[in-house]
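With the first letter of the sequence shown counted as 1, position 14 gets the number 14 in the working numbering; the numbers rise by one all the way through.
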Amino acid sequence: MAIQKKIASTKRFGVRYGRTVKHKFGALEASQRKKYKCPYCSKPSLKRLAVGIWYCVKCNSKIAGKAYAVSKRKSVKDMISDKSLIEEVPEIEETEQSEDKEEEEAVAA
Numbered sequence: 001m002a003i004q005k006k007i008a009s010t011k012r013f014g015v016r017y018g019r020t021v022k023h024k025f026g027a028l029e030a031s032q033r034k035k036y037k038c039p040y041c042s043k044p045s046l047k048r049l050a051v052g053i054w055y056c057v058k059c060n061s062k063i064a065g066k067a068y069a070v071s072k073r074k075s076v077k078d079m080i081s082d083k084s085l086i087e088e089v090p091e092i093e094e095t096e097q098s099e100d101k102e103e104e105e106a107v108a109a
């Protein structure tokens, strides 16, 4: 028998609303109640104060974010279309080439 993921926060609904809806709601509620890392003090103490407002318990700072999470992860499509990444690629290639030359000179010496 497969192991079922616990859905403690959605047990209050009982048999109502169906399994899929309860699982989606449970995942959403878990991400909402999770403590996030504060961008100012880097401690995992950022809690949700209201919709889109996040509060750090340690450094007492308030920041604006998304409704259920502080920020979203970038998709691959967003990373590809990001101009700053494309500008950095030639710089990375130049540093790699210079490092390779230095290694070759060290081996030859």
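The beta carbon of each residue, even a glycine, is placed where N, CA and C say it ideally should be.
If we require 3 or more residues per run, which beta strand (DSSP E) segments fall completely within the region 1–68?
If we require 3 residues or more, the beta strand (DSSP E) runs fully inside the region 1–68 come out as 46–50, 53–56 and 62–64.
Can you give me the Cβ contacts of Val21 inside the same chain, cut-off strictly under 8 Å, excluding the 5 residues immediately before and after it?
Taking C-beta separations shorter than 8 Å and ignoring five residues to either side along the sequence, Val21 has no partners in its chain.
Selection from Leu28, Thr95, Gly18 and Ser9 that minimises the alpha carbon distance to Val70:
The closest CA to that of Val70, considering only Leu28, Thr95, Gly18 and Ser9, is found on Leu28.
Could you work out which residue in Phe25, Arg16 and Val15 is closest to Ser9 when comparing CA atoms only?
Checking every option, the nearest Cα to that of Ser9 belongs to Phe25.
Comparing alpha-carbon positions, which option in Arg19, Gly52 and Gly14 lies nearest Ala64?
If we check each option's Cα against that of Ala64, Gly52 comes out closest.
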